[in-house]
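Number of protein chains: 2
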Amino acid sequence: MSSSPLTGDDLLRTLATLANPHRLRVVAALTERRRYVSELARELGISRALLQLHLKKLESAGLVSGHLELSDDGKAMKYYEVTDFAVELTPRTVAAAARTLSDRDGKEGETGR
Amino acid sequence: MSSSPLTGDDLLRTLATLANPHRLRVVAALTERRRYVSELARELGISRALLQLHLKKLESAGLVSGHLELSDDGKAMKYYEVTDFAVELTPRTVAAAARTLSDRDGKEGETGR
DNA sequence: GTCACCTGCTAGTTTTTCTTGGCATGTGCA
DNA sequence: TGCACATGCCAAGAAAAACTAGCAGGTGAC
Numbered sequence: 017m018s019s020s021p022l023t024g025d026d027l028l029r030t031l032a033t034l035a036n037p038h039r040l041r042v043v044a045a046l047t048e049r050r051r052y053v054s055e056l057a058r059e060l061g062i063s064r065a066l067l068q069l070h071l072k073k074l075e076s077a078g079l080v081s082g083h084l085e086l087s088d089d090g091k092a093m094k095y096y097e098v099t100d101f102a103v104e105l106t107p108r109t110v111a112a113a114a115r116t117l118s119d120r121d122g123k124e125g126e127t128g129r
Numbered sequence: 017m018s019s020s021p022l023t024g025d026d027l028l029r030t031l032a033t034l035a036n037p038h039r040l041r042v043v044a045a046l047t048e049r050r051r052y053v054s055e056l057a058r059e060l061g062i063s064r065a066l067l068q069l070h071l072k073k074l075e076s077a078g079l080v081s082g083h084l085e086l087s088d089d090g091k092a093m094k095y096y097e098v099t100d101f102a103v104e105l106t107p108r109t110v111a112a113a114a115r116t117l118s119d120r121d122g123k124e125g126e127t128g129r
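Those protein sequence lines, which keep their order, are chains A and B. Those letters in the first sequence? Residues 17 to 129, per this note's numbering, in order. Those letters in the second sequence? Residues 17 to 129, per this note's numbering, in order.
Written out as structure tokens, the structure is:
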């Protein structure tokens with residue numbers, strides 16, 4: 017329930033992260049219940065390498081989180097679950113966030129954040 | 017106030033469109049008041065060609081709309097203003113949208129739009 | 001030992017998006 | 001006529017994101 021208005025850069029990262037069909041499906045699947053990487057890859061019909069890349073992006077954006085666990089038979093499984101994010105997108109919220117964007121394209125390191 | 021849940025493809029388009037610092041600033045500026053292209057380009061400090069491209073994307077995503085008008089001195093000015101969009105981003109809304117995604121990467125032409 | 005299943009990383013290609021620069025059109029004004 | 005400002009579009013290069021393929025390590029079971 018982090019409905020606290022994000023900074024422009026965070027909003028940008030969140031939007032860019034969600035703006036991908038695979039990642040949207042990943043979030044959808046994990047919303048149902050948590051899953052481990054290989055399981056999810058099979059379910060979505062994409063390669064593990066690709067999925068890991070998407071999971072990495074989702075995780076750095078704080079939308080999902082992964083935890084390494086040992087299954088009963090001793091195998092290492094990395095389980096992922098969704099974070100309880102909440103972002104409201106309206107002209108006002110976007111305008112507010114835009115004002116805190118770090119200079120040019122987010123290259124410059126600003127005070128914000 | 018179109019808080020009606022978008023289809024997966026529409027959500028994807030909306031997210032992809034907003035996931036850009038220039039477009040975020042454009043929305044922010046237009047939220048204040050409407051503006052014509054050249055005016056906005058000067059204000060944001062970007063080239064007109066670039067801005068037009070961003071405006072085109074924003075418009076096809078339905079986030080802004082432009083109207084050609086004739087100024088008092090007979091010049092053609094294209095004024096843009098923001099649309100009153102509203103999108104809620106939470107695991108549930110994302111999951112719901114993901115289920116309506118057109119097959120592979122949205123390449124397939126579906127019924128929607 | 002060999003197979004099946006789990007994780008993680010990286011180099012390199014392909015694809016998409018972003019940007020720039022130039023060119024064309026039209027109006028009013030000195 | 002030449003200048004200032006408006007619009008629109010396109011070709012081509014630059015940059016960023018997506019994806020593939022391959023290799024590494026580890027455990028349990030037959």
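The C-beta atom is built at its ideal place from N, Cα and C for all residues, glycine as well.
What do you reckon, are the CB atoms on residue i and residue j nearer than 8 Å?
i	j	result
A114/A	L31/B	no
V110/A	A57/B	no
K72/B	T33/B	no
A102/A	L105/B	yes
D100/B	P107/A	yes
DSSP state of residue i, grouped into three classes?
i	result
G78/B	coil
L117/B	coil
R49/B	coil
K91/A	coil
L22/B	coil
E126/A	Caution is warranted here: a pLDDT of 40 is assigned to E126/A, below 50, making its placement in the model unreliable, and no coordinate value can be reported.
Looking only at its chain, what residues have a beta carbon closer than 8 Å to the beta carbon of residue i, apart from the 5 residues adjacent to it on each side?
i	result
L86/B	A92 and M93
E59/B	A45 and R51
R41/B	L60
L22/B	T30, V103 and A113
Q68/B	V53
CB-CB under 7 Å to residue i, same chain, minus the five flanking residues each way: which ones, in chain order?
i	result
R50/B	Y95, Y96 and E97
E75/A	S81 and G82
A12/A	Lying outside 17 to 129, the shown extent of chain A, residue 12/A is not represented and no answer is given.
S63/A	A57
L66/B	none
L84/B	A92 and K94
Run through chain A and tell me which residues come within less than 9 Å of residue i, C-beta to C-beta.
i	result
L40/B	G24, L27, L28, L31, V110, A111, A113, A114 and L117
L71/B	In chain order: nothing, as chain A lies at least about 15 Å away.
Can you list the residues of chain B that residue i reaches, using a CB-CB cut of under 7 Å?
i	result
A44/A	V110, A111, A114 and R115
So which residues on chain B does residue i lean against when the C-beta distance must stay under 8 Å?
i	result
A102/A	E104, L105 and T106
V53/A	Those do not exist, as V53/A stays about 18 Å from chain B at its closest Cβ, beyond 8 Å.
L74/A	Here the premise fails: no neighbours, minimum Cβ distance about 11 Å.
L67/A	Simply none; closest approach about 15 Å.
Spatial neighbours of residue i within its chain, please: CB distance less than 6 Å, with the 5 preceding and 5 following residues excluded, ordered by chain position.
i	result
E48/B	none
L27/B	A113
S20/A	none
Mind pulling the chain A residues with CB within less than 8 Å of residue i?
i	result
L60/B	In chain order: nothing, as chain A lies at least about 11 Å away.
Against residue i, what residues of chain A qualify as contacts under a CB-to-CB distance less than 7 Å, listed in chain order?
i	result
L86/B	By Cβ distance, chain A contributes nothing, its closest Cβ being about 27 Å from L86/B, past 7 Å.
L56/B	The contacting residues do not exist; L56/B stays about 13 Å from chain A at best.
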